[in-house]
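In what follows, a structure is listed as structure tokens, so that the remarks can point back to it.
2 protein chains.
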Amino acid sequence: MKLDTSLYFITDSTGFSEEEFLRRIEAALRGGVTLLQLREKDKTTREYLELARKVHVLTKRYGVPLIIDDRLDIAMAIGAEGVHLGQSDLPIDLARKILGPDKIIGATAKTVPQALEAYQQGADYLGVGAIYPTTTKVKTVLTSTDTLRDICAAVPIPVNAIGGLNRDNIDVLSGIPIAGICVVSAIMKAEDPQQATAELKARAQELGLI
Amino acid sequence: MKLDTSLYFITDSTGFSEEEFLRRIEAALRGGVTLLQLREKDKTTREYLELARKVHVLTKRYGVPLIIDDRLDIAMAIGAEGVHLGQSDLPIDLARKILGPDKIIGATAKTVPQALEAYQQGADYLGVGAIYPTTTKVKTVLTSTDTLRDICAAVPIPVNAIGGLNRDNIDVLSGIPIAGICVVSAIMKAEDPQQATAELKARAQELGLI
Chain S
1 MKLDTSLYFI
11 TDSTGFSEEE
21 FLRRIEAALR
31 GGVTLLQLRE
41 KDKTTREYLE
51 LARKVHVLTK
61 RYGVPLIIDD
71 RLDIAMAIGA
81 EGVHLGQSDL
91 PIDLARKILG
101 PDKIIGATAK
111 TVPQALEAYQ
121 QGADYLGVGA
131 IYPTTTKVKT
141 VLTSTDTLRD
151 ICAAVPIPVN
161 AIGGLNRDNI
171 DVLSGIPIAG
181 ICVVSAIMKA
191 EDPQQATAEL
201 KARAQELGLI
Chain H
1001 MKLDTSLYFI
1011 TDSTGFSEEE
1021 FLRRIEAALR
1031 GGVTLLQLRE
1041 KDKTTREYLE
1051 LARKVHVLTK
1061 RYGVPLIIDD
1071 RLDIAMAIGA
1081 EGVHLGQSDL
1091 PIDLARKILG
1101 PDKIIGATAK
1111 TVPQALEAYQ
1121 QGADYLGVGA
1131 IYPTTTKVKT
1141 VLTSTDTLRD
1151 ICAAVPIPVN
1161 AIGGLNRDNI
1171 DVLSGIPIAG
1181 ICVVSAIMKA
1191 EDPQQATAEL
1201 KARAQELGLI
């Protein structure tokens, strides 16, 4: 599956029944997300595995790569297309050695040096932020749009903006050569996730962001 | 490194500085543990990785295999000798597929059917218990010594007893063909972990358990 980070949806199952969670994921896929990350922090390995398998059935149906947050073991166990690694996860170069050249490895970067390091260690794309404060990661540090622009100039891999982004505020990214946007709440908590995805995509296209 | 489960020490870093934790591990290795498991539940992947690397330096120095609890990603990242998988972790057969034939895979079993399943899926040894109530896993269910005996008879792989075991109570295991004993607190919380290990080993040998 080709890596297209233009509309990258990161899930958060908090507060949803599994049925509703999967329903929302499928709605987002129908709405046009191009990449999907499963991120779970409080599940046992077995629970994470079982949920990941169900999500993978959906993403494969829509031809969208599934990225597993943090856990290479889960990604390998279900044959996911890739992993996303933050600064508290395995180092990129070690993950690349374990996963081989074909799996997608994404990294989080907040600064140009972090971005360069992740790229040099073998990351395939970067998530950069938080651009706005976010309810998903309350302790996260903000990254300015100037730094985002500098990172886009510094590395040849796709750079995505992340953090509190939604249809009404992504105009702040106009003119910055990002590859795409990452969202959690804008889709996850939308009344109609399919419509929210489609509208977000339309707005990003209208602004020439993607 | 050869698998010898006769005196299997499972660590618990709770309440110790890293320095003291590593000091106690080395003392246990000097005292004669034959297998060592690192079990961490509240660390980030990066923290788990870094601690595992330090523990691995020690275990290699004493020629003792290092088993990582639950996390195949950590085990692969540091080249540990194996993993231990409970009922909330990855299924044994899946782990075997990922790790290949040479890594040690241990499993937890509380009943004969669980033991048979783990063996058939490729487990190299079993931990069976809890024989006594334990402070490490407060919600665990007890396993009778009769069941332990039945499991020893049912599978051809090494079976270890676990759960609240110490020098003063392992006589309850007399006559059961276990391969070894697993302990956490008896060594981890001992005033002198090296001496505690040596005395536990001497007592187990005296009883003909190992």
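Same order as they appear, the protein sequences are chains S and H.
According to this note's numbering, the first sequence is numbered sequentially starting from 1.
According to this note's numbering, the second sequence is numbered sequentially starting from 1001.
C-beta atoms are modelled at their ideal positions from N, C-alpha and C, and glycine is treated no differently.
Predicted model only: the values in this text are computed from it and were never measured.
### Query
Taking a cut of 9 Å between CB atoms, which residues from the stretch 1096-1110 of chain H lie near chain S?
Lys1097, Ile1098
### Query
Gln37 of chain S: buried (16+ other C-beta within 10 angstroms of its C-beta) or exposed?
Position 37 of the first sequence, counting from 1, holds the residue named residue 37 of chain S. That one is buried.
#### Entry: Interface residues of chain S facing Thr1045 of chain H [CB-CB closer than 8 Å]
Translated into the one-based positions of the second sequence, residue 1045 of chain H becomes position 45. Asp70, Arg71, Ser88, Asp89, Leu90, listed in chain order.
### Message
Between which residues of its own chain and His84 of chain S is the CB-CB distance below 6 Å, once the five residues before and five after are set aside?
### Response
Counted from its first residue, the first sequence places residue 84 of chain S at position 84. So the list reads Gln37, Ile67, Asp69, Gly106, once near-sequence residues are dropped.
### Task
Just confirm the distance between the C-beta atoms of Gly32 of chain S and Ala190 of chain S, as a whole number of angstroms; I'd bet it's less than 8 Å.
Residue 32 of chain S sits at position 32 when you count from the first residue of the first sequence. Residue 190 of chain S sits at position 190 when you count from the first residue of the first sequence. So it is not a contact: roughly 13 Å between Cβ atoms.
### Message
Quick check on DSSP: helix, strand or coil for Thr111 of chain S?
### Response
Counting from one through the first sequence, the residue named residue 111 of chain S turns up at place 111. Three-state DSSP puts Thr111 of chain S in coil, outside helix and strand.
### Query
Interface residues of chain S around Leu1094 of chain H at Cβ under 7 Å?
As a first step, residue 1094 of chain H must be located in the second sequence, where it is residue number 94. Within chain S, the residues near Leu1094 of chain H are Ala77.
#### Entry: Partner residues on chain S for Leu1049 of chain H, Cβ-Cβ distance less than 7 Å
Taking the second sequence and counting its residues from 1, one reaches residue 1049 of chain H at position 49. Simply Leu90.
### Task
Would you check if the distance between the CB atom of Tyr1132 of chain H and the CB atom of Gly1164 of chain H is smaller than 7 Å?
Here the question's residue 1132 of chain H lines up with position 132 in the second sequence. Here the question's residue 1164 of chain H lines up with position 164 in the second sequence. Closer than 7 Å, so yes.
### Query
Looking only at C-alpha atoms, which of H:Pro1091, H:Pro1156, H:Val1055 sits nearest to Ala1028 of chain H?
One-based indexing of the second sequence puts residue 1028 of chain H at position 28. Per the Cα distances, H:Val1055.
#### Entry: Best match in H:Pro1101, H:Ala1179, H:Lys1103, H:Val1128 for proximity to Pro1211 of chain H [C-alpha to C-alpha]
Nothing in the structure corresponds to residue 1211 of chain H, since chain H is present only between 1001 and 1210.
### Query
From Leu116 of chain S to Met1188 of chain H, what does the alpha carbon distance come to, in whole angstroms?
Against the first sequence, residue 116 of chain S aligns to sequence position 116. Against the second sequence, residue 1188 of chain H aligns to sequence position 188. Cα-Cα distance, rounded: 42 Å.
### Query
Quick one, are the C-beta atoms of Ala1204 of chain H and Ile1157 of chain H less than 7 Å apart?
What you label residue 1204 of chain H is simply residue 204 of the second sequence in a count that begins at 1. What you label residue 1157 of chain H is simply residue 157 of the second sequence in a count that begins at 1. Their beta carbons are not under 7 Å apart, which means Ala1204 of chain H does not touch Ile1157 of chain H by this criterion.
### Task
Jot down the residue ranges of each uninterrupted alpha helix (DSSP H) in the stretch 1074-1154 of chain H, minimum 4 residues, whole runs only, in chain order.
1092-1099, 1112-1121, 1145-1154
### Query
Below 7 Å between beta carbons: does that hold for Leu94 of chain S and Asp1073 of chain H?
Position 94 of the first sequence, counted from the start, is the residue given in the question as residue 94 of chain S. Position 73 of the second sequence, counted from the start, is the residue given in the question as residue 1073 of chain H. Contact flag unset, no.
### Query
Can Val1155 of chain H and Ala1179 of chain H be called in contact, C-beta distance under 7 Å?
Indexing the second sequence from 1 puts residue 1155 of chain H at position 155. Indexing the second sequence from 1 puts residue 1179 of chain H at position 179. Going by C-beta atoms, Val1155 of chain H is not nearer than 7 Å to Ala1179 of chain H.
### Query
Going along the chain, which residues of its own chain have a beta-carbon closer than 6 Å to the beta-carbon of Glu1206 of chain H, five neighbours each way excluded?
The residue labelled residue 1206 of chain H in the question sits at position 206 within the second sequence. None.
### Among H:Asp1168, H:Thr1111, H:Met1076, H:Val1172, the one whose alpha carbon lies nearest that of Leu1099 of chain H
Within the second sequence, numbered from 1, the residue matching residue 1099 of chain H stands at position 99. Closest option to Leu1099 of chain H, Cα to Cα, is H:Met1076.
### Task
Using alpha carbons as the reference points, say which of S:Thr34, S:Gln120, S:Leu142 lies closest to Ile210 of chain S.
Indexing the first sequence from 1 puts residue 210 of chain S at position 210. Nearest of S:Thr34, S:Gln120, S:Leu142 to Ile210 of chain S, Cα basis: S:Thr34.
### Query
Gly180 of chain S by DSSP, collapsed to three states: which one?
One-based indexing of the first sequence puts residue 180 of chain S at position 180. Three-state result, Gly180 of chain S: strand.
### Query
To the nearest whole angstrom, what separates the beta carbons of Arg1039 of chain H and Thr1005 of chain H, a pair I think is in contact under 8 Å?
As a first step, residue 1039 of chain H must be located in the second sequence, where it is residue number 39. As a first step, residue 1005 of chain H must be located in the second sequence, where it is residue number 5. Actually they are not in contact, since the Cβ atoms of Arg1039 of chain H and Thr1005 of chain H sit about 16 Å apart, beyond 8 Å.
### Task
Pull up the CB-CB distance for Thr147 of chain S and Thr111 of chain S, whole angstroms please, since I reckon it's below 8 Å.
On the first sequence, position 147 is the one that residue 147 of chain S refers to. On the first sequence, position 111 is the one that residue 111 of chain S refers to. Correct: roughly 7 Å between the Cβ atoms.
### Message
So, at 8 Å on beta carbons, what are the nonlocal neighbours of Arg96 of chain S in its own chain, with the 5 sequence-adjacent residues on each side left out?
### Response
Numbered from its first residue, the first sequence carries residue 96 of chain S at position 96. Correct list, in chain order: Ile105, Gln121, Gly122.
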